[in-house]
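Just so you know, the protein sequences line up as chains W and Y, in that order. Residues 5 to 478 in the working numbering are what the first sequence spells out, letter by letter. Residues 374 to 471 in the working numbering are what the second sequence spells out, letter by letter. Worksheet: the structure to be examined is printed underneath.
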Amino acid sequence: MKTDLTKLTITEAHEGLKKGEFTSVELTRAFLDKIKEKDPEIKAYVTVSEELALKQAEKADEMIKKGEINVLTGIPCAIKDNILIKGVRCTSSSKILENYIASYNATVIEKLEKLGAVFLGKTNMDEFAMGSSCENSAFFPTRNPHDLERVPGGSSGGSAAAVAADLCVYALGSDTGGSIREPASFCGITGFKPTYGTVSRNGLMAYASSLDQIGALAKSVEDARIVFEAIRGIDKMDSTSTNLKKENDLNKLRIGVPKEYFAEGLDKEVEGAVKNAIETFKKAGAEIVEIGLPHSEYALACYYIIAPAEASANLARFDGLRYGKYSEEDGGEIIDTYLKNRTSGFGEEVKRRIMLGTYTLSSGYYDAYYKRALKTRTLIKEDFEKAFEKVDVVLGPTSPCLPWKIGEKSEDPLSMYLADIYTVSVNLAGLPGISVPCGSFEGLPIGLQLIGAPFTEDKLLSIASLFEKNHDNN
Amino acid sequence: MYMVSEEEIRRIAKLSYLEIKDGEVETMREKFSSVLEYVKKLQELDLSSASETANLSQAENVFREDIGIEKNSEDLLKALSKRRDNYLEVKKILYNED
Chain W
5 MKTDLTKLTI
15 TEAHEGLKKG
25 EFTSVELTRA
35 FLDKIKEKDP
45 EIKAYVTVSE
55 ELALKQAEKA
65 DEMIKKGEIN
75 VLTGIPCAIK
85 DNILIKGVRC
95 TSSSKILENY
105 IASYNATVIE
115 KLEKLGAVFL
125 GKTNMDEFAM
135 GSSCENSAFF
145 PTRNPHDLER
155 VPGGSSGGSA
165 AAVAADLCVY
175 ALGSDTGGSI
185 REPASFCGIT
195 GFKPTYGTVS
205 RNGLMAYASS
215 LDQIGALAKS
225 VEDARIVFEA
235 IRGIDKMDST
245 STNLKKENDL
255 NKLRIGVPKE
265 YFAEGLDKEV
275 EGAVKNAIET
285 FKKAGAEIVE
295 IGLPHSEYAL
305 ACYYIIAPAE
315 ASANLARFDG
325 LRYGKYSEED
335 GGEIIDTYLK
345 NRTSGFGEEV
355 KRRIMLGTYT
365 LSSGYYDAYY
375 KRALKTRTLI
385 KEDFEKAFEK
395 VDVVLGPTSP
405 CLPWKIGEKS
415 EDPLSMYLAD
425 IYTVSVNLAG
435 LPGISVPCGS
445 FEGLPIGLQL
455 IGAPFTEDKL
465 LSIASLFEKN
475 HDNN
Chain Y
374 MYMVSEEEIR
384 RIAKLSYLEI
394 KDGEVETMRE
404 KFSSVLEYVK
414 KLQELDLSSA
424 SETANLSQAE
434 NVFREDIGIE
444 KNSEDLLKAL
454 SKRRDNYLEV
464 KKILYNED
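What follows is the structure in structure tokens.
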């Protein structure tokens with residue numbers, strides 16, 4: 005029987021390409037066919053770049069013939085629709101950018117292109133990365149491949165669903181408060197958010213610049229590592245980027261389990277799966293240390309001040325004049341054009357976050373909200389610093405709940421925000437975090453989150469790998 | 374629950390360059406207020422001795438040589454909503470107050 009090429013990991017596909025078992029064009033066609041067959045029900049892609057993908061695949065096959073193969077050459081991937089690929093439509097799943105064609109490449113795209121990557125298309129997301137379910141896309145919700153009635157998580161929900169449904173080998177996403185890890189958890193795959201600054205944000209549409217980070221969604225920890233190694237590094241176009249890297253000094257593995265992560269609001273199915281994961285680490289010889297992250301309960305409130313505040317500034321650039329939507333009507337003043345374009349171009353959640361940020365930054369409220377949030381952020385960061393004096397990684401659930409039914413939480417923004425309760429503090433403190441599958445309940449995947457100290461991704465990934473090898477997800 | 378007033382919602386919308394239609398004000402008020410109520414949780418904390426963290430970047434004063442980069446401006450100009458030669462055409466932006 006011929007193997008299904010769409011099921012391969014990066015490492016497996018690379019072996020096949022290297023040995024000449026199949027070409028990149030064949031591999032790419034297998035994915036394009038599968039997208040045609042399955043994406044109408046999953047709806048992971050906003051744009052499929054078939055022509056570009058086949059051109060890149062041909063180029064990759066030439067590279068391979070010449071012996072210029074590296075591990076990502078000829079491997080088809082999907083890119084979240086807030087990362088620019090020159091000449092390809094880039095919408096951030098927003099009406100205001102519905103017709104925007106990217107005029108340059110993001111740095112991560114340049115890097116992948118040089119390695120001979122193949123871009124299958126752009127994936128659906130919550131508009132401007134604001135959401136945890138992909139329901140805030142201005143175009144359509146993406147469906148969870150494990151249950152089409154349910155959300156895939158968000159905001160990188162299209163990327164997660166595409167990986168889980170074998171509509172690509174791996175995908176890029178962005179993570180501002182959990183937007184890679186939570187959908188990875190909901191879709192039963194691996195999602196890795198590196199330390200703030202390790203991957204250039206040039207060409208990523210900014211949501212909250214002090215929190216945003218690009219990372220990989222993949223079928224294994226090893227694949228996530230490969231993609232991270234390919235896209236990391238200092239970039240002159242992003243002055244916050246860095247080459248910093250801490251050595252992997254792992255002797256006796258110590259895992260920190262914060263008592264605050266097992267409090268009220270955690271689904272018992274999720275709790276059970278995460279406790280099983282702890283057992284796996286125990287059996288593998290790790291020492292389990294109970295730790296305290298006393299300011300955890302303030303992380304979400306802190307995040308929902310800082311992220312909207314930064315968003316209100318970042319999204320001020322969208323007026324529909326230099327790119328995107330434009331109202332053709334004459335008459336009135338320029339302010340009317342701004343109002344018209346922004347009001348019809350942004351969705352409800354985006355408007356609310358822009359207004360919330362404008363409010364907390366405005367005169368009279370700045371000290372009470374924004375300044376307090378910046379101070380709380382310091383306390384959250386210090387909690388982790390103290391923890392990492394005692395442990396190598398912090399372990400907990402990625403999300404407190406299982407993927408919910410589409411529409412179930414759309415009327416109450418707060419109930420949706422709560423899905424991010426374990427992920428936002430990682431962005432506030434700028435840490436690397438990874439979600440790996442650790443079980444399921446009635447077919448719905450459950451993710452385990454491992455959090456590392458800044459710039460210890462080597463250690464974090466090797467611990468995640470150890471877990472992946474030793475844990476039985478059933 | 375504390376509710377932001379309708380006037381306040383309209384004021385913030387104006388500051389944000391957004392228009393809230395009459396039929397949408399109530400929903401916006403409710404959802405906006407519920408999030409605001411939640412983030413007020415930070416008032417519980419004693420933050421008198423805490424420093425502020427606005428950014429985690431360890432970089433300070435990143436310098437570069439002041440050199441021009443060759444770019445094809447046509448790529449950017451193509452995206453303009455209304456173009457005249459190499460300019461973006463917009464409505465009048467300066468006018469008398471009266």
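Just so it is clear, CB atoms sit at the ideal spot from N, CA and C, and this is done for glycine as well.
7 Å Cβ cutoff met for residue i and residue j
| i | j | result |
| --- | --- | --- |
| W/Lys157 | W/Phe196 | According to the sequence provided, residue 157 of chain W is Gly. The question's Lys does not apply to it. Against a cut-off of 7 Å, the Cβ pair of W/Phe196 and W/Gly157 comes out as no contact. |
| W/Pro198 | W/Pro436 | yes |
| W/Leu399 | W/Val261 | yes |
| W/Gly162 | W/Thr194 | no |
| W/Pro312 | Y/Lys404 | no |
| W/Ala222 | W/Ile309 | no |
| W/Asp239 | W/Ser204 | yes |
| W/Met81 | W/Ala17 | For the record, residue 81 of chain W in the displayed sequence is Cys; it is not Met. No, the pair does not count as a contact, with Cβ atoms beyond the cut-off. |
| W/Leu325 | W/Lys463 | no |
| Y/Ala452 | W/Ser107 | yes |
| W/Gly201 | W/Thr146 | no |
| W/Asp271 | W/Cys138 | no |
| W/Val155 | W/Tyr307 | no |
| W/Val397 | W/Ile467 | yes |
| W/Asp130 | W/Ser159 | yes |
| W/Arg346 | W/Met134 | no |
| Y/Ser407 | Y/Met376 | no |
| W/Thr27 | W/Asp65 | yes |
| W/His475 | W/Asp387 | no |
| Y/Glu410 | Y/Met374 | yes |
| W/Ala165 | W/Ala48 | yes |
| W/Lys11 | Y/Glu425 | no |
| W/Ile338 | Y/Ile466 | yes |
| W/Pro401 | W/Val274 | yes |
| W/His150 | W/Leu448 | yes |
| W/Leu1 | W/Asn477 | The first residue shown for chain W is 5 and the last is 478, placing residue 1 of chain W beyond what the model contains. |
| W/Lys409 | W/Glu153 | yes |
| W/Asn140 | W/Pro407 | no |
| W/Gly375 | W/Ala433 | Gly is not the amino acid found at residue 375 of chain W; the sequence shown has Lys there. No, they are not a contact pair. |
| W/Phe392 | W/Ala457 | yes |
Cross-strand partners of residue i (DSSP beta bridge)
| i | result |
| --- | --- |
| W/Ser107 | Per DSSP, none; premise fails for W/Ser107. |
| W/Ala222 | W/Thr194 |
| W/Pro262 | W/Ile295 |
| W/Asp151 | W/Asn148 |
| Y/Tyr390 | BP columns for Y/Tyr390 are empty, so no partner. |
| W/Ile455 | W/Val398 and W/Gly437 |
| W/Thr51 | W/Lys126 |
| W/Ile450 | W/Gly443 |
| W/Arg229 | Partner(s): none; W/Arg229 has no beta bridge. |
Whole-angstrom C-beta distance between residue j and residue i, which should lie under 8 Å
| i | j | result |
| --- | --- | --- |
| W/Val440 | W/Glu472 | 6 Å |
| W/Ile87 | W/Ala57 | Their Cβ separation, rounded to whole angstroms, is 16 Å, which puts W/Ile87 and W/Ala57 out of contact at 8 Å. |
| W/Val354 | W/Ile218 | Incorrect: roughly 20 Å between the Cβ atoms, too far for contact. |
| W/Tyr421 | W/Leu304 | 6 Å |
| W/Ile100 | W/Gly349 | 3 Å |
| W/Tyr327 | W/Tyr426 | Actually they are not in contact, since the Cβ atoms of W/Tyr327 and W/Tyr426 sit about 36 Å apart, beyond 8 Å. |
| W/Leu465 | W/Arg229 | 5 Å |
| W/Asp227 | W/Ile14 | 4 Å |
| W/Ile455 | W/Ala277 | About 17 Å; that fails the 8 Å criterion. |
| Y/Ser389 | W/Ser316 | 7 Å |
Beta carbon proximity, residue i to chain A, threshold 7 Å
| i | result |
| --- | --- |
| W/Pro417 | The structure shown contains no chain A; its protein chains are W and Y. |
The stretch 305–322 of chain W touching the stretch 62–81 of chain W, judged by at least three CB pairs closer than 8 Å: no
At 3 residues or longer, what runs of the beta strand (DSSP E) sit wholly inside the stretch 156–219 of chain W? 174–179 and 194–197
Which runs of the beta strand (DSSP E) spanning at least 3 residues fall entirely within the stretch 279–307 of chain W, listed in chain order? 291–295
Spell out a yes or no on whether the stretch 171–186 of chain W and the stretch 124–140 of chain W are touching, meaning 3 or more CB-CB pairs, one atom from each, closer than 8 Å. yes
Whole alpha helix (DSSP H) elements within the stretch 68–138 of chain W, 4-residue minimum: 111–118
Every unbroken alpha helix (DSSP H) inside the stretch 327–394 of chain W [4 residues or more]: 338–349, 352–365 and 376–394
Is there contact between the stretch 416–431 of chain Y and the stretch 358–371 of chain W, where contact requires at least three CB pairs shorter than 8 Å? no
Validate contact between the stretch 426–438 of chain Y and the stretch 357–366 of chain W using beta carbons, cut 8 Å, 3 pairs: no
Would you check if the stretch 36–56 of chain W and the stretch 178–185 of chain W touch, i.e. whether three or more CB-CB distances between them fall below 8 Å? no
For the stretch 438–468 of chain Y, which segments carrying the alpha helix (DSSP H) assignment without a break, of at least 4 residues, lie completely within its bounds, in sequence order? 446–450
Please give me, in chain order, every unbroken run of the alpha helix (DSSP H) with length at least 4 that falls completely inside the stretch 376–422 of chain Y. 379–388 and 398–412
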